[in-house]
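K.L.:
Dropping a structure here in structure tokens format, bear with me for questions.
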Amino acid sequence: MPVILVPGVLRAEAGGASRLEITASGTLAAVFAEVDERWPRLARRIRDEQGAVRRYVNVYVDGEDSRRTAGLETPVTASSEIQVLPSVAGG
701 MPVILVPGVL
711 RAEAGGASRL
721 EITASGTLAA
731 VFAEVDERWP
741 RLARRIRDEQ
751 GAVRRYVNVY
761 VDGEDSRRTA
771 GLETPVTASS
781 EIQVLPSVAG
791 G
């Protein structure tokens, strides 16, 4: 099963979990579709109303930036590790 690693700033939206086991695989879009169903609050923090990854959120599949690979069509296997990292702003 693919696993999503949830950073501390998003854990409240994932019921406090630091790791989410996902049954979907194939593409990142399929994984996020399952997140939409199971953790809708988390999904809203990751994707916008059109389903695109929010511009301030970085998603890595097996250490590769999904924006530099195939975006939401990035392949996800049963052993994939997905990191969701929102940008941190400060001054």
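Numbering of the sequence shown is given in our numbering, commencing with residue 701 and proceeding in unit increments. Just so it is clear, CB atoms sit at the ideal spot from N, CA and C, and this is done for glycine as well.
Starting from Glu-782 and walking both ways along the beta strand (DSSP E), at which residues does that stretch end?
P.N.:
The sequence given here has Ile at residue 782, not Glu. Note, Ile-782: beta strand (DSSP E), 781-786.
K.L.:
Is it the case that the stretch 770-783 contacts the stretch 719-734, given that we only count it when at least three CB pairs across the two stretches are under 8 angstroms?
P.N.:
Contact holds: three or more Cβ-Cβ distances are below 8 angstroms.
K.L.:
Pull up the distance between the alpha-carbon of Tyr-760 and that of Glu-749, whole angstroms please.
P.N.:
Answer to the nearest angstrom: the Cα atoms are 21 angstroms apart.
K.L.:
Answer with buried or exposed for Val-753, where buried requires no fewer than 16 other C-beta atoms within 10 angstroms of its C-beta.
P.N.:
Per the 10 Å Cβ criterion, buried.
K.L.:
State the Cα-Cα distance for the pair Glu-734 and Pro-707, rounded to the nearest angstrom.
P.N.:
Going by the C-alpha atoms only, they are around 18 angstroms apart.
K.L.:
So Pro-786 and Val-709 are in contact, right, with Cβ under 8 angstroms, and what is the actual spacing, rounded?
P.N.:
About 6 angstroms separates the two Cβ atoms, so the contact holds.
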